[in-house]
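Just so you know, we're using this note's numbering here: the sequence shown kicks off at 1 and counts up by one. These notes are about the structure you will find just below.
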Amino acid sequence: MEEGRPEAGQAVVSGLGPNGVAAALELLKRGYRVTVVEKRSKYTRPIHLHLRSTYLQDIRRLSEELFQRLMAIATPIEENSRTGSQACDPVPNYLQDRRATPREGEPCPVWSRLSTPPERHVRLDNAERLFYEFLQEKAAEHDSKLTIRRGPVLQLQPTPHGYYRVLLQGESEDLGVPALVVIAEGGKSVTVRDLGLESVRFSYPKYFMSAHVTVPFGPRTRRIDTDVRELVDDPGVTPAEVSLWASGHGDSNEGTWVVLEVPEALLHQHPDQAEEYFLKGALLLMGAPVGAAAKELRAKIKETLHKGALLSRKRGANLPGMEAASKKTFAGTFKFEQQCLRFPAAGKNVVVLGDAAGMGHHALSSGLEMGAYDLVALGVLCEELQRASEPKECIARYAEAVRNSRLRLLGLGMNEYYPDSAAGRLRMLHRAAELFGEGES
Ligand SMILES: Cc1cc2nc3c(=O)[nH]c(=O)nc-3n(C[C@H](O)[C@H](O)[C@H](O)COP(=O)(O)OP(=O)(O)OC[C@H]3O[C@@H](n4cnc5c(N)ncnc54)[C@H](O)[C@@H]3O)c2cc1C
């Protein structure tokens with residue numbers, strides 16, 4: 001083989017989180033010899049993973065067995081409930097083949113319309129261990145086809161032909177020039193940074209307040225959509241529908257993430273008001289116990305807030321009104337934010353997917369959803385490459401497939417802010433197309 005040319009049939013995946021595993025399985029299924037590289041020696045992230053239908057469908061498509069194992073450790077998310085008389089029926093899903101007509105009348109809440117609703121949740125590290133074991137079993141079954149390397153970090157070196165060579169740092173090993181390198185290193189991917197791929201960040205005008213409280217709310221994720229008047233006494237605050245989330249970890253000692261939407265009108269609130277808002281929201285999520293129990297709970301939540309349970313004080317630093325709030329220990333408030341790679345590919349053989357290509361909404365991440373879309377695009381890329389088309393064209397088609405999926409996601413988001421206006425939606429899509437450099441809405 002000519003020096004610097006890719007070795008057909010060889011693929012490398014860097015990062016063995018939920019999206020990397022899915023990518024590795026996709027590549028194996030398509031007949032590649034796959035090497036996966038994961039820098040961590042063990043899985044230790046006791047955070048929640050919301051499993052969306054898109055991701056679950058992808059896992060099932062890849063392996064019924066893995067899907068069943070995942071379902072066995074995942075807990076269903078409680079039925080969404082809404083205070084008041086309006087029932088919130090199944091959230092419409094405008095995506096791809098599951099495209100549905102938007103509901104008439106009162107819209108469903110913001111969060112649910114931004115992405116596919118999560119169906120189940122699981123502790124991330126438990127899911128990762130399960131994925132890892134599954135891959136190891138696959139390695140044993142097809143031992144010449146799958147190699148798992150834990151510990152080393154991958155380094156990419158450009159070749160004269162526009163491909164990238166893979167070296168393993170720490171082991172000084174040269175893996176050659178694979179036909180395909182998939183970077184699935186999560187939102188803080190050093191490789192993506194080193195490649196100089198350009199990302200764009202855009203924010204929706206939505207604000208959330210979140211904290212981890214040591215009070216366990218129970219094993220399930222709960223969500224309530226309510227009218228803000230239930231949470232504030234100030235008669236000047238415009239009524240608005242807000243979403244409240246709680247994610248218990250299942251283990252009663254681990255406490256709960258509480259995420260509350262904050263209407264813009266409340267951003268200038270005094271820290272004490274903010275605290276009151278948080279407390280009321282948390283109690284509502286817990287089913288608002290009454291009497292002495294509520295008092296005790298309130299005191300407990302307040303106590304943990306004052307100890308400094310804070311998710312993202314930094315992120316809210318330059319939001320109006322939040323400076324004051326951030327002096328208090330609890331008010332981690334952040335804007336609804338998304339980040340996408342403008343160029344999801346580098347060279348002729350490197351692509352990026354999952355959170356590495358687009359970080360979701362922080363604690364309300366849609367990373368896995370994006371991962372699912374990216375995986376469909378990865379399938380397109382593999383087919384193209386295996387058809388022996390020109391790599392440059394394959395990558396262009398891959399980028400197009402990614403862009404289309406992202407535009408769809410973005411379109412959903414903006415629809416929320418210009419609910420009844422076709423023009424608004426169009427504006428948004430144009431903006432998205434602009435962000436991605438080219439392409440049409
Ligand atoms: C604090 C926090 C809270 C979150 N809360 C939620 C939540 O409540 N619900 C939800 O659905 N999602 C949540 N998320 C998001 C969710 O964790 C991600 O969407 C998901 O893990 C993305 O999967 P991924 O495979 O793309 O990346 P990751 O899960 O980040 O996996 C990347 C993998 O790559 C490895 N890696 C990184 N760099 C290298 C390298 N150079 N070489 C080799 N390996 C490397 C990492 O060790 C890691 O194993 C949260 C994330 C964070 C950080």
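Yeah, the Cβ is synthetic: ideal placement off N, Cα and C, and Gly gets one too.
Limits of the beta strand (DSSP E) - the one that residue i falls within
i    : result
Y164 : 164-169
I148 : 146-150
T256 : 256-262
L156 : 153-158
P178 : 178-183
G358 : From DSSP, G358 is part of no beta strand (DSSP E); its letter is neither H nor E.
R33  : 33-38
Y351 : Position check: residue 351 holds Val in this sequence, whereas Tyr was assumed. Unbroken beta strand (DSSP E) run through V351: 350-352.
N-terminal and C-terminal residue of the alpha helix (DSSP H) that residue i is part of
i    : result
D58  : 53-62
A11  : Taken as a continuous stretch (DSSP letters only), A11 belongs to no alpha helix (DSSP H), being part of the beta strand (DSSP E) at 7-14.
K138 : 124-141
D233 : Run containing D233: none; DSSP gives neither H nor E here.
T191 : 190-195
G20  : 18-29
C-beta atoms of residue i and residue j nearer than 8 Å
i    : j    : result
E65  : G379 : no
I464 : N19  : Residue coverage of the chain in this structure runs from 1 to 441, which leaves residue 464 outside it and unanswerable.
H161 : R5   : yes
L70  : A184 : no
L28  : L146 : yes
A211 : V177 : no
T166 : V181 : It should be pointed out that residue 166 corresponds to Val in this sequence rather than to Thr. For V166 and V181, yes; Cβs fall inside 8 Å.
V228 : A240 : yes
G196 : D355 : no
G358 : Q386 : no
E384 : R403 : no
R33  : G9   : yes
A377 : A401 : yes
V12  : L135 : no
E261 : V242 : yes
L124 : I59  : no
R406 : V200 : no
A179 : E7   : yes
P344 : A299 : no
A139 : I148 : yes
Integer Cβ distance of residue i from residue j, believed to fall under 8 Å
i    : j    : result
L375 : A23  : 7 Å
L285 : V215 : About 11 Å separates the two Cβ atoms, so there is no contact after all.
L279 : K302 : 7 Å
E128 : R52  : Contact doesn't hold; Cβ gap of about 17 Å is too wide.
V213 : T304 : 5 Å
Y132 : L16  : 7 Å
Y164 : V351 : 11 Å between Cβ atoms; not a contact.
P158 : G347 : 6 Å
Checklist entry - Is the segment 223-239 touching the segment 290-304 in the sense that three or more CB pairs, one from each, lie closer than 8 Å? => result Pairwise C-beta distances place the segment 290-304 out of contact with the segment 223-239, as fewer than three of them are shorter than 8 Å.
Checklist entry - Using 8 Å as the Cβ pair cut-off and three pairs as the minimum, do the segment 145-153 and the segment 168-181 touch? => result Cβ pair count under 8 Å is three or more, so yes.
Next on the checklist: So, does the segment 36-56 touch the segment 385-398, judging by three or more C-beta pairs under 8 Å?
Outcome noted: Segments in contact, no.
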